[in-house]
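Undergrad:
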Amino acid sequence: MAFNRDFELNEAQLEEFLANATERVRTSENVDLLSDLNKLFKKNVPLTVRKYVIAYLLKEALKHYHPFNNRRDRFERNERNERNDRNERNNRNRQERNFRQERAERVEEPAEAAPATEEERPRHPRVEIPEDQATSIFISIGKNRRVYPRDLVGILIAIAGIDRERIGDIKVLANYSFVQLYTEDAQTAIDKLNGYDYRGRKLAVSYSRQKSDAEGTENAEAETVSVEAENQTEYAEEVAQMSAEDAAAYAAAEKAAADKEPFGMN
Numbered sequence: 001m002a003f004n005r006d007f008e009l010n011e012a013q014l015e016e017f018l019a020n021a022t023e024r025v026r027t028s029e030n031v032d033l034l035s036d037l038n039k040l041f042k043k044n045v046p047l048t049v050r051k052y053v054i055a056y057l058l059k060e061a062l063k064h065y066h067p068f069n070n071r072r073d074r075f076e077r078n079e080r081n082e083r084n085d086r087n088e089r090n091n092r093n094r095q096e097r098n099f100r101q102e103r104a105e106r107v108e109e110p111a112e113a114a115p116a117t118e119e120e121r122p123r124h125p126r127v128e129i130p131e132d133q134a135t136s137i138f139i140s141i142g143k144n145r146r147v148y149p150r151d152l153v154g155i156l157i158a159i160a161g162i163d164r165e166r167i168g169d170i171k172v173l174a175n176y177s178f179v180q181l182y183t184e185d186a187q188t189a190i191d192k193l194n195g196y197d198y199r200g201r202k203l204a205v206s207y208s209r210q211k212s213d214a215e216g217t218e219n220a221e222a223e224t225v226s227v228e229a230e231n232q233t234e235y236a237e238e239v240a241q242m243s244a245e246d247a248a249a250y251a252a253a254e255k256a257a258a259d260k261e262p263f264g265m266n
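So the sequence shown is numbered by UniProt numbering: it starts at 1 and just counts up by one.
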């Protein structure tokens, strides 16, 4: 018998092929279709040569069987996934570099190009009042009450009705402030703001007699002490009045007890 030597038997390959075929028959193949094929096989192949025909079919199938196809497919899929992951990482890195570059460019821009925040509002041009037309007023509130020049400008405009362009230099100290106004506006500001209740405190506003920083400080301190002394006097008078009323009520209660009369009934 002559043998065709164009096929080389590989037992490991044959075992893997048969194991895969068995597994597919048990799990995924259409059993009815396989049954029909088996009937046709028996009908068309004589019994005496069936085993050889089966061997022949097996040999032909092995020619086209690649045992590592599944592995190669997985390898190719993994390679594609890794390539996609690399591309995605490169895109993210490129976007991050562009973002850092844009942020660095924004930082290097001139300060005036950046939009002004609430704390960095553009300042109003300083108003310079000629010395012979200027008068300073004293206001008994300062930084300890969290008052700043913009706050004083606000009450001068809203309460005293003075235009912003007529408000000059403002000096805010710990407990009091000095504001330079046009002389004709000073009395208006004093009349409107003196005694005004601002943040739970009545303002004391008057002409400032400062001729130098040192003298102005002394005058302001003296005026502040005067205001505090006046407040203490008023408080002492209230206490004295309440004490007198309490004493009168106590005396009336004692008298009612002595007379055995109901207290508070005439």
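All C-beta atoms, glycine included, are put in the ideal place defined by N, C-alpha and C.
In chain order, what residues of the same chain have a beta carbon less than 8 Å from the beta carbon of residue 192, not counting five sequence neighbours either side?
TA: Same-chain partners within the cutoff: 159, 160, 161.
Undergrad: Does the beta-carbon of residue 197 have 16 or more other beta-carbons within 10 angstroms, so that it is buried, or is it exposed?
TA: Exposed: under 16 other Cβ atoms inside 10 Å.
Undergrad: Give the secondary structure of residue 9 by DSSP, where H, G and I count as helix, E and B as strand, and everything else as coil.
TA: In this structure, residue 9 counts as coil in the three-state DSSP scheme.
Undergrad: Locate the alpha helix (DSSP H) running through residue 183, then write down its first and last residues.
TA: Its alpha helix (DSSP H) spans residues 183-193.
Undergrad: Kindly identify the DSSP beta-bridge partner or partners of residue 85.
TA: DSSP, once it has assigned bridges, lists no residue as partnering residue 85.
Undergrad: Please name the residue or residues paired with residue 197 in a DSSP beta bridge.
TA: Its beta-bridge partners are 202.
Undergrad: How is residue 154 classed by DSSP in three states: helix, strand or coil?
TA: Of the three classes helix, strand and coil, the one that applies to residue 154 here is helix, per DSSP.
Undergrad: Taking C-alpha atoms, which residue in 148, 95, 100, 21 lies nearest to residue 171?
TA: Minimum Cα distance to residue 171 is reached at 148.
Undergrad: Could you tell me which residues DSSP puts in a beta bridge with residue 167?
TA: DSSP output for residue 167 lists 181 as bridge partner(s).
Undergrad: The alpha helix (DSSP H) that contains residue 54, what's its start and end?
TA: Unbroken alpha helix (DSSP H) run through residue 54: 50-63.
Undergrad: Comparing C-alpha positions only, which one of 65, 39, 50 sits nearest to residue 16?
TA: Closest option to residue 16, Cα to Cα, is 65.
Undergrad: Quick check: does the Cβ of residue 132 come within less than 8 Å of any heavy atom belonging to the ligand GDP?
TA: No copy of the ligand GDP appears in this structure; indeed no ligand is present at all.
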